[in-house]
Amino acid sequence: MIRALALLFAFAAPLSAQTDPGQTARDAIRMLEDAAAALTEAEGARDQVEALTATVQAYESGLDALRAGIRDAALRERTILLVFEAERERLAQLLGVLQRIEEAPAPVTLLHPEGPVGTARLGMIVADVTPAVARQATGLRTQLEELAVLRALQDSAVGQLEAGLQGVQRARTELSQAIADRVDLPERFSHDAAAMQQIVQSVDNLGSFIEVLGDTPAETSAALPDFEAARGTLAVPARGTLLRRFDEADAAGIARPGILYAVSSRALLTAPWPASIRYAGPLLDYGNVIILEPDADYLLILAGAGDLFVTAGELVPADAPLGLMPGETDTFGADLIVSDAQGSGAGLTETLYIELRQGGSPVNPLDWFAAD
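Numbered continuously in my numbering, the sequence shown closes out at residue 372.
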């Protein structure tokens, strides 16, 4: 019985021995509080677009971290309760035996059918069992206290999550307005809008469109940094989860020469490297497509965008806001997070397709991004 109880607490190990979901959530709450302060400061910033872009990114990072903390806390709570439930009968039997031993009169406990030797053995067993039970009782009390902390943490985090969702929506709205109102427009290069429209109407797939663009590099005198030297260091244009790798077949057996990310609705898209915008707009059934030229021999394609902040012919710096993913306002709330305690990414409702071409040929974008 003691052995069974020891196994119980081996499975329900103290939180300090694992990743602390409580600390993760608390750190995330501080991140969201900092983002809220940054949003207030951005209203008076000299470069509102830059300040609001950083604010939206801070909100998205904090929300991701808070969701992870709530999810881990819910999973930890379930683990403890499941182990308690599985061992409840054995634990009750053990506690019942110990209670009867404790309540029995002293003369009875000192008697044993085998005489003095049996009595001595019984005394040794009780002496060994009592400290072990005390340790297990202390562990049980620790687990119960942890459950109370986890539940309180989840209750408080829900309010912070809702406030964070409202904050990031406000930041995205203000960013869109700041881009519409800006007077220091990005530098532009020569761009023939009519010719581009004819190309869009004539192509029947994304690959052929990119090939046409690759044959006509942008006419710009801007000196861009060495893109080849950035291999393995770029940030992914939007926060999300990798769904399919380069040339990996989907459920229908179709392999595409790019990668696919699951991202949240209204997620911010940013430029991973200084680049010229070769195209920005709807294309076939890909939704809004943004094609960047970070170097004369490279084209970076982002397909699946919603609102666009850029137009063809612009030169954008690294981290410049390119647009927002489509979808309704992000409402990935506490109920869905807790029900998705395994972290399957149920709140990532949009997909971003990323393709990179060098000299017209597809290459693996993951070789350039500093992402897992």
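All C-beta atoms in this analysis are idealised placements derived from N, C-alpha and C, irrespective of residue type, glycine included.
Beta-carbon proximity list for residue i, same chain, < 6 Å, skipping 5 on both sides
i, result
"glycine 258", "Tyr353, Ile354, Glu355"
"valine 445", "No information on residue 445 is available, as it lies outside the stretch 1 to 372 that the chain covers here."
"leucine 63", "Gly164"
"leucine 82", "none"
"valine 203", "Phe209"
"valine 289", "Leu283, Ala303"
Where residue i falls, given that 16 or more other Cβ within 10 Å makes a residue buried
i, result
"threonine 216", "exposed"
"arginine 76", "buried"
"glycine 323", "buried"
"arginine 266", "buried"
"glutamine 143", "buried"
"proline 237", "buried"
"glutamate 174", "buried"
"proline 365", "buried"
"proline 107", "Per-residue confidence for proline 107 stands at a pLDDT of 49, beneath the threshold of 50, marking its modelled position as unreliable; the derived number appears in the next sentence. Proline 107 should be labelled exposed."
"proline 282", "exposed"
"glycine 359", "exposed"
"valine 212", "exposed"
"glutamine 154", "buried"
"glycine 253", "exposed"
"glutamine 198", "exposed"
"valine 49", "buried"
"alanine 42", "buried"
"glycine 214", "buried"
"alanine 178", "buried"
Assigned secondary structure, residue i (DSSP; H/G/I helix, E/B strand, else coil)
i, result
"arginine 26", "helix"
"proline 21", "helix"
"glycine 456", "Nothing can be reported for residue 456: it is not among the residues displayed for the chain, which extend from 1 to 372."
"serine 361", "strand"
"phenylalanine 309", "coil"
"tyrosine 353", "strand"
"valine 83", "helix"
"tryptophan 368", "coil"
"tyrosine 298", "strand"
"alanine 320", "coil"
"glycine 159", "helix"
"alanine 280", "strand"
"valine 49", "helix"
"glycine 287", "coil"
"arginine 76", "helix"
"glycine 304", "strand"
"glutamate 43", "coil"
"arginine 88", "helix"
"arginine 188", "strand"
"leucine 153", "helix"
"leucine 292", "strand"
"leucine 348", "coil"
"leucine 175", "helix"
"leucine 315", "strand"
"aspartate 226", "coil"
"threonine 216", "coil"
"arginine 67", "helix"
"valine 183", "coil"
"valine 200", "helix"
Own chain partners of residue i with C-beta closer than 7 Å, once the 5 adjacent residues on each side are dropped
i, result
"methionine 196", "Tyr279, Ala312"
"alanine 262", "Gly240, Thr241, Leu243, Gly345, Leu348, Thr351"
"leucine 234", "Pro272, Trp273, Trp368, Phe369, Ala370"
"alanine 341", "Any reading at alanine 341 must be qualified, since the residue scores a pLDDT of 45, below 50, and its modelled position is unreliable; no value is offered."
"alanine 249", "Ala255"
"alanine 230", "Trp273, Trp368"
"alanine 171", "Leu39, Leu52, Thr55, Val56, Tyr59"
"leucine 147", "Glu77, Ile80"
"proline 225", "Pro274"
"aspartate 247", "Ala255, Pro257"
Chain-order list of residues whose beta-carbon lies under 8 Å from that of residue i (same chain, five-residue window excluded)
i, result
"alanine 176", "The sequence as given places serine at residue 176; alanine does not occur at that position. Here the set comprises Asp307, Phe309, Leu324."
"glycine 149", "Note on identity: in this sequence residue 149 is valine, with glycine being the wrong assignment. The residues are Gly22."
"alanine 38", "Ala51, Ala54, Thr55, Ala58"
"glycine 287", "Ala303, Gly304, Ala305, Gly306, Pro326"
Counting only runs of 3+ residues fully inside the stretch 232-274, write out the beta strand (DSSP E) ranges in chain order.
240-244, 259-263, 268-270
Taking contact to mean at least 3 C-beta pairs separated by less than 8 Å, is the stretch 28-47 in contact with the stretch 284-302?
no
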